[in-house]
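Student: Take this structure first; my questions come after.
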Amino acid sequence: MRKLYILFLLSLVFVLAKGNDLQVLNGANAAYKKGQFEVALKGYQQLLDSGYSSPDIYYNLGNANYRLDNIAAAILNYEKAHKLAPGDEDVEMNLRLANTRLTDKIEGVPEFFLKRWWISFITIFSIQVWSVLIVLFFLSGFALLIVYLFSRELILKRTSFYAGLVLVILALASMGIASAQDNYFRQHKDAIVFNGVVNVKSAPNDKQKTLYIIHEGTKVTVLEDNDNWLKVELPNGSVGWITAAAVKSI
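This is how it looks when you write it as structure tokens:
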């Protein structure tokens with residue numbers, strides 16, 4: 296948890312930012328390095344409140360919360376970073392580390408290996424990266440097809456045609472993968488428990504039977520929203536109802 300994670304993409308985002316926002320970022324980074332984690336946390340949160348959303352900010356916000364022993368908040372921000380940058384190893388490592396601090400040690404239901412492989416494949420890059428790849432593949436492919444149309448040399452025509460066709464196919468495939476990733480995250484609405492102890496009920500009512508208890512920091516999947524109650528599922532497949540105020544959405 297020692298590493299302050301600021302990637303090149305974050306720098307690019309703030310090239311166009313107002314000077315005040317850049318000062319806030321630099322100030323938050325400096326505070327983190329000095330061990331002033333509460334100051335750093337406020338700075339990163341201020342950037343998010345200003346409309347800047349990036350995996351790097353969420354990652355650093357998670358680190359600051361972890362240092363302050365706010366484990367639920369750390370996990371929430373690591374999960375948000377993971378959602379924006381699914382293949383980031385640092386985010387995954389710190390998320391696993393934070394989960395070892397939880398009261399609830401819930402083993403997930405083993406997934407069919409093909410499903411697990413497919414999810415890993417479509418989330419290897421973020422939507423933003425897939426979008427860049429789509430544009431690059433399309434532009435390069437069409438450029439080569441234009442070369443094919445205007446070239447008079449047989450070898451060049453043949454090479455540019457097949458290369459351009461492959462790149463266009465790759466662009467279409469990337470569009471399909473990006474769409475699959477977007478659908479996956481839309482269908483999986485997860486949340487983190489923020490109340491210290493939460494009673495999971497058999498129905499959306501306080502008077503109903505308590506099925507089991509979960510604790511702060513536990514991740515749940517939201518299956519249904521019923522007014523102020525949520526039907527949730529745990530990684531082990533257990534299902535029940537909790538109050539909506541007990542969790543924060545990822």
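Taking the working numbering, I'd label the letters of the sequence shown as residues 296 to 545.
Glycine included, C-beta positions come from ideal geometry on N, C-alpha and C.
(1) Let me confirm a value: HIS483 is counted as buried when at least 16 other C-beta atoms fall within 10 Å, else exposed. Which label applies?
(2) Please report how far the alpha carbon of LYS543 lies from the alpha carbon of LEU465, in whole angstroms.
(3) Would a C-beta distance cut-off of 8 Å place PRO381 and ILE352 closer than the cut-off?
(4) Using three-state DSSP, classify THR454 as helix, strand or coil.
(5) Start and end of the beta strand (DSSP E) containing SER544?
(6) Could you tell me the distance, in whole angstroms, from the CA atom of ILE545 to the CA atom of LEU506?
(7) What does a CB cutoff of less than 8 Å around PHE432 pick up in its chain, not counting 5 residues either side in sequence?
(8) Just confirm the distance between the C-beta atoms of LEU434 and VAL442, as a whole number of angstroms; I'd bet it's less than 8 Å.
(9) Helix, strand or coil for ALA535, going by three-state DSSP, please let me know.
(10) When DSSP labels each residue in this structure, what does ALA466 get in the three-state scheme?
(11) Does the distance from the CB of ASN389 to the CB of GLY338 come in under 8 Å?
(12) Check ASN521 in the structure and name its three-state DSSP category.
Tutor: Working from what's here:
(1) exposed
(2) 38 Å
(3) no
(4) helix
(5) 542 to 544
(6) 24 Å
(7) LEU462, VAL463, LEU465, ALA466, SER469
(8) Their Cβ separation, rounded to whole angstroms, is 13 Å, which puts LEU434 and VAL442 out of contact at 8 Å.
(9) It is Gly, not Ala, that sits at residue 535 in the sequence shown. If DSSP states are grouped into helix, strand and coil, GLY535 belongs with the strands.
(10) helix
(11) no
(12) strand
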